[in-house]
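Take the sequence shown: its position 230, counted from the start at 1, is 230 in full-length UniProt numbering, and no numbers get skipped. Note that beta-carbon positions come from the ideal geometry of N, C-alpha and C, so glycine has one too. Everything numeric in this text was worked out from a predicted model, so none of it was measured. Note sheet for the following structure.
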Amino acid sequence: MEWMKAVLRKGPSPTSDTPPAPTEDELVQDEEGYPVILSTEREFLASQGLMIGQNGAALYHGTTSPPKYYDFLYKLPTGINMDRGGFGHARDGTNFGAVFDGVTAGGRVNAYAAQAFAEYALRWLAVHKHRLHQIEGERLHQEVHNLFRQCIAKENNPGGNMQAEGGSATGVIASCHRTQRGRLMLVGATIGDASAIVVDPDGGCRIVSRYQRSCASAKDTGGQLTMCMGVHGDINTFSEPLTEQSIVILTTDGFTDNILQSDFSNIIDVILRAPYFDDDPAMRTSVDSDLSRLPDLRELRQLVGRLESLDSVPCRSMVVRVSNYLKWVTRALHAREQDFYALQIEMRDTTEALLQKQAELKRRKAARLEQDGADAGAGTGAADNADGAGDCTGDGGADQRMNGERINGHAGGDGGDGGDGGGEIAAEEAEVQRMQEKIKSLEVDCARLRQQQKRHRVAGKTDDALIVALRPVWL
Numbered sequence: 001m002e003w004m005k006a007v008l009r010k011g012p013s014p015t016s017d018t019p020p021a022p023t024e025d026e027l028v029q030d031e032e033g034y035p036v037i038l039s040t041e042r043e044f045l046a047s048q049g050l051m052i053g054q055n056g057a058a059l060y061h062g063t064t065s066p067p068k069y070y071d072f073l074y075k076l077p078t079g080i081n082m083d084r085g086g087f088g089h090a091r092d093g094t095n096f097g098a099v100f101d102g103v104t105a106g107g108r109v110n111a112y113a114a115q116a117f118a119e120y121a122l123r124w125l126a127v128h129k130h131r132l133h134q135i136e137g138e139r140l141h142q143e144v145h146n147l148f149r150q151c152i153a154k155e156n157n158p159g160g161n162m163q164a165e166g167g168s169a170t171g172v173i174a175s176c177h178r179t180q181r182g183r184l185m186l187v188g189a190t191i192g193d194a195s196a197i198v199v200d201p202d203g204g205c206r207i208v209s210r211y212q213r214s215c216a217s218a219k220d221t222g223g224q225l226t227m228c229m230g231v232h233g234d235i236n237t238f239s240e241p242l243t244e245q246s247i248v249i250l251t252t253d254g255f256t257d258n259i260l261q262s263d264f265s266n267i268i269d270v271i272l273r274a275p276y277f278d279d280d281p282a283m284r285t286s287v288d289s290d291l292s293r294l295p296d297l298r299e300l301r302q303l304v305g306r307l308e309s310l311d312s313v314p315c316r317s318m319v320v321r322v323s324n325y326l327k328w329v330t331r332a333l334h335a336r337e338q339d340f341y342a343l344q345i346e347m348r349d350t351t352e353a354l355l356q357k358q359a360e361l362k363r364r365k366a367a368r369l370e371q372d373g374a375d376a377g378a379g380t381g382a383a384d385n386a387d388g389a390g391d392c393t394g395d396g397g398a399d400q401r402m403n404g405e406r407i408n409g410h411a412g413g414d415g416g417d418g419g420d421g422g423g424e425i426a427a428e429e430a431e432v433q434r435m436q437e438k439i440k441s442l443e444v445d446c447a448r449l450r451q452q453q454k455r456h457r458v459a460g461k462t463d464d465a466l467i468v469a470l471r472p473v474w475l
């Protein structure tokens with residue numbers, strides 16, 4: 001069976017300048033029976049951990065953001081990982097990958113958009129990646145731009161309970177291939193602050209995708225795709241030589257923002273080669289001191305000790321090591337933010353309970369006023385009956401007076417019950433006052449904690465991170 005028949009059951013439209021990606025049903029497996037693509041799963045919003053492909057590639061889908069952060073923003077203790085992507089392999093044995101990072105604001109919609117962009121790009125690369133090969137400059141830019149336009153098209157919006165319209169993400173796509181002369185090359189593009197990194201066998205590291213943030217803030221993405229709306233910012237294309245021993249890293253700013261930029265290349269090389277980072281920092285018996293800044297190369301080398309040869313490190317170990325490095329460098333900030341958001345959640349929950357209590361108190365007061373009005377009407381009627389009894393003589397008049405006294409006595413009894421209700425309302429008013437005071441106290445605690453964090457700065461930036469590691473060739 002030819003590979004194209006196994007992957008694609010019907011061809012793309014011949015009238016399209018850039019052919020569309022095959023659907024999920026059309027894209028199944030290669031001639032060996034392996035899935036062509038392995039990626040994050042759309043049904044799960046939370047981090048999905050380590051994934052290893054038949055082609056030797058691997059990804060790690062994790063986060064350093066504290067659980068309380070997601071609970072506070074989205075009321076989802078399990079979290080939302082905005083980073084989405086995966087990798088695949090082609091008939092000639094070369095690999096490809098795509099990673100997209102949903103921008104933080106907006107929650108689910110951006111995670112669904114990032115997932116939809118990643119799925120479409122991976123399916124397109126599985127069949128059409130050759131269209132990016134052996135072209136450069138404006139032609140390569142136009143081909144990628146057309147692909148990104150298809151990613152954001154309304155036909156690619158999953159809709160329903162995964163509605164992604166208006167969702168935005170940065171991203172990177174990359175494809176390894178052999179030239180007609182047999183040289184290995186990496187070609188691809190980024191939009192925004194996602195990155196493609198090539199690590200050479202000698203330990204040299206090249207950031208082959210460069211992004212420009214419009215300001216000096218990490219909150220600025222530098223560009224993004226927005227579902228059903230547009231391609232915003234510059235598309236940065238790249239074409240770089242590889243060897244069979246090269247490693248290609250595709251990642252989001254959750255990784256690159258936590259590397260000291262002045263020695264970026266050497267630090268990444270150490271992280272990938274250090275068995276020290278095979279273990280989760282939380283599992284270590286010894287606790288490293290908190291970092292007030294990102295570690296430089298000398299400090300990192302002193303910490304990790306022995307380094308392995310890069311060609312002996314599988315991709316699955318590389319992505320795990322990067323993930324554990326991120327946990328290590330952000331662990332102090334992670335703990336502080338967990339405490340801060342725990343206070344925020346307590347304040348939020350107390351405020352919500354206060355609003356419910358105030359609404360209930362208002363309802364009870366209204367009911368009390370209505371009851372008081374009814375009781376007052378009953379008392380007035382009883383008094384009129386008693387006055388009328390004074391005009392009567394004999395036993396009949398006495399009976400009237402006795403009836404009036406009974407009615408007045410009953411009204412007084414109701415007043416006593418109303419007094420009990422007034423006590424309950426007073427107790428609820430006191431509870432409302434206590435809750436308001438607690439909220440003020442929590443606000444003071446939050447402000448104090450933030451001031452402490454500013455005075456005692458710790459390293460890192462907590463964020464989602466998706467790391468894909470692949471070698472150019474899997475056969």
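Item                                                                                                                                             : Value
Between F255, D269, R298, which lies nearest to T330 when the distance is taken from Cα to Cα?                                                   : F255
Quick one: which unbroken alpha helix (DSSP H) runs of 4-plus residues sit fully inside the stretch 62 to 102? Chain order, please.              : 67 to 74
Nearest to D17 by CA position, among F117, G62, E143, is which residue?                                                                          : E143
Can you give the Cα-Cα distance for R123 and C151, rounded to whole angstroms?                                                                   : 11 Å
Let's see if you can read the secondary structure: which residues bound the beta strand (DSSP E) around Q150?                                    : That residue, Q150, is in no beta strand (DSSP E); its alpha helix (DSSP H) goes 137 to 151.
For the candidate residues I259, T252, G305, E299, whose alpha-carbon lies nearest to that of G171?                                              : T252
With a floor of 4 residues, list each alpha helix (DSSP H) that falls wholly inside the stretch 260 to 301, ordered by position along the chain. : 264 to 273
What would DSSP say about E431, mapped onto helix, strand or coil?                                                                               : helix
Measuring straight from C-alpha to C-alpha, what distance separates G223 and L186?                                                               : 22 Å
Taking the Cβ atom as the reference point for each residue, do S195 and K129 lie within a distance shorter than 8 Å?                             : no
Under 8 Å, do Y325 and I247 count as touching if we go by C-beta distance?                                                                       : no
Secondary structure at S175, three-state DSSP: helix, strand or coil?                                                                            : strand
Output the distance between the C-alpha atoms of G377 and Q371, rounded to the nearest integer angstrom.                                         : 10 Å
Roughly how many angstroms lie between the CA atoms of M162 and Y112, to the nearest whole one?                                                  : 6 Å
Could you please give the first and the last residue of the uninterrupted beta strand (DSSP E) stretch that includes R181?                       : Careful: R181 lies outside any beta strand (DSSP E) and carries neither H nor E.
Is there contact between the stretch 50 to 62 and the stretch 70 to 79, where contact requires at least three CB pairs shorter than 8 Å?         : no
Within this structure, are the beta carbons of A116 and M227 separated by less than 8 Å?                                                         : yes
Mapping the DSSP letters down to three states, classify E240 as helix, strand or coil.                                                           : strand
Mapping the DSSP letters down to three states, classify M229 as helix, strand or coil.                                                           : coil
If you draw a straight line from the alpha carbon of Q358 to that of V320, how long is it in whole angstroms?                                    : 50 Å
Along the chain, where does the alpha helix (DSSP H) containing L132 start, and where does it finish?                                            : Element bounds for L132: n/a, residue is neither H nor E.
Taking only the alpha-carbon atoms, compute the straight-line gap between N258 and G88 and give it to the nearest angstrom.                      : 27 Å
Which residue or residues does DSSP assign as beta-bridge partners of I467?                                                                      : Y60, T251
My assumption, with CB atoms under 8 Å, is that G188 sits in contact with F238. Please give the rounded CB distance.                             : 6 Å
Within 10 angstroms of the Cβ of C392, are there 16 or more other Cβ atoms? Answer buried if so, exposed if not.                                 : Below a pLDDT of 50, predicted positions are generally treated as unreliable, and C392, at 46, falls in that range; the measurement from the model is reported next regardless. Label assigned to C392: exposed.
Taking DSSP as the reference, what is the three-state secondary structure of T170?                                                               : strand
For the beta strand (DSSP E) holding M51, just list the boundary residues, first then last.                                                      : 49 to 52
For A367, name the three-state secondary structure that DSSP assigns.                                                                            : helix
By a C-beta neighbour count over all protein chains shown, 10 Å radius and 16 as the cutoff for buried, is A58 buried or exposed?                : buried
Among L442, R368, K438, S317, whose alpha-carbon lies nearest the alpha-carbon of G423?                                                          : R368
A335 and L307: beta carbons closer than 8 Å?                                                                                                     : no
Nearest to S20 by CA position, among T94, L125, G137, G93, is which residue?                                                                     : According to the sequence provided, residue 20 is Pro. The question's Ser does not apply to it. Closest by alpha carbon: L125.
Select from E299, V127, N110, V198 the residue whose C-alpha is nearest the C-alpha of G225.                                                     : Correcting the residue identity first, residue 225 is Leu in this sequence and not Gly. It is N110.
Considering only C-alpha positions, which residue in the set G166, P241, D279, C446 is nearest to V198?                                          : P241
Are the CB atoms of L260 and L291 nearer to each other than 8 Å?                                                                                 : no
Shortest alpha-carbon distance to K75 belongs to which of D83, D349, R316, E165?                                                                 : D349
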